[in-house]
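Student: Before we start, here is the structure in question, set down as structure tokens.
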């Protein structure tokens, strides 16, 4: 089992290419459409404490599993949730709203529920420091990447 896990871990590689925010959104969409496993890690600047607990920020999300159900959502139907930063999420799907905003479906490994959140909100929650890891599903490591969104500029590299 250990060797198998290590073999899969070798599929996670860094793609040394700089993308502007809009370009990177299309990269995420393409990988998600192709069924590549994607991990999103919004870093943030908060730290855990005994008083406050885990470092969370309030975030507007939509708890639904079907893209079609979420595509008709307006701001009144969004729920506020405590979004944990400094924590990895599985990115399951993407959807682009009519206005052009990218929405991503995330899964918190600690919970069963999937939720939709706008990609700009994820970046903002992470203080514009967000790592995105994509693993090749076909064994070719040349399709894998790891990206870090630049600090204040909110760019991806």
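Residue numbers (the UniProt record's numbering): 1 to 157.
Glycine residues also receive a C-beta, built at the ideal position from the N, C-alpha and C atoms.
(1) Which one of 42, 82, 32 and 93 has the shortest CA to CA distance from residue 131?
(2) Which residue comes first and which comes last in the beta strand (DSSP E) that contains residue 38?
(3) Within the chosen definition, does the stretch 95-109 reach the stretch 44-52 through at least 3 CB pairs nearer than 8 Å?
(4) Could you spell out the range, first to last residue, of the alpha helix (DSSP H) harbouring residue 26?
(5) Contact check, residue 126 vs residue 44 under 8 Å by CB: the rounded distance?
(6) Which partner residues does residue 49 have in the DSSP bridge list?
(7) What are the boundary residues of the alpha helix (DSSP H) that residue 205 is part of?
(8) Which whole-angstrom value describes the C-beta separation of residue 79 and residue 61, a residue pair presumed to lie in contact below a C-beta threshold of 8 Å?
(9) Would residue 86 pass as a contact of residue 109 if the rule is Cβ separation under 7 Å?
(10) Out of 26, 133, 76 and 19, which one is the CA nearest neighbour of residue 90?
(11) May I ask you to list the residues that DSSP assigns as paired with residue 112?
(12) Quick check: what's the CA-CA separation for residue 114 versus residue 81?
(13) To which residues of the same chain is residue 118 closer than 6 Å at the C-beta, ignoring the five residues directly before and after it?
(14) Just tell me which of 83, 94, 112 and 128 has its CA closest to the CA of residue 53.
Tutor: With the structure as the only source:
(1) Residue 131 sits at position 131 when you count from the first residue of the chain shown. The residue with the shortest Cα to Cα distance from residue 131 is 42.
(2) Your numbering for residue 38 matches position 38 in the chain shown. Run containing residue 38: 38-42, per the beta strand (DSSP E) assignment.
(3) no
(4) Position 26 of the chain shown, counted from the first residue, corresponds to residue 26. First-last of the alpha helix (DSSP H) with residue 26: 21-33.
(5) Reading the chain shown from its first residue, position 126 is the one you call residue 126. Reading the chain shown from its first residue, position 44 is the one you call residue 44. Rounded, the Cβ-Cβ distance is 5 Å, consistent with contact.
(6) Reading the chain shown from its first residue, position 49 is the one you call residue 49. In the DSSP output, where bridge partners are listed per residue, residue 49 has 53.
(7) Any property of residue 205 remains undetermined from this structure, which presents the chain solely from 1 to 157.
(8) As a first step, residue 79 must be located in the chain shown, where it is residue number 79. As a first step, residue 61 must be located in the chain shown, where it is residue number 61. That belief holds up - the Cβ atoms of residue 79 and residue 61 are roughly 6 Å apart, short of 8 Å.
(9) Locating residue 86 in the chain shown gives position 86, where the first residue counts as 1. Locating residue 109 in the chain shown gives position 109, where the first residue counts as 1. Not closer than 7 Å, so no.
(10) Counting from 1 along the chain shown, the entry for residue 90 is found at position 90. Checked all of 26, 133, 76 and 19; the closest Cα to residue 90 is 133.
(11) Taking the first residue of the chain shown as position 1, residue 112 is located at position 112. Residue 112 pairs with nothing; no bridge assigned.
(12) Position 114 of the chain shown, counted from the first residue, corresponds to residue 114. Position 81 of the chain shown, counted from the first residue, corresponds to residue 81. Taking the straight line joining both Cα atoms gives about 12 Å.
(13) Within the chain shown, numbered from 1, the residue matching residue 118 stands at position 118. Contacts found: 101 and 103.
(14) The count along the chain shown starts at 1 and reaches residue 53 at position 53. Considering only alpha carbons, the answer is 83.
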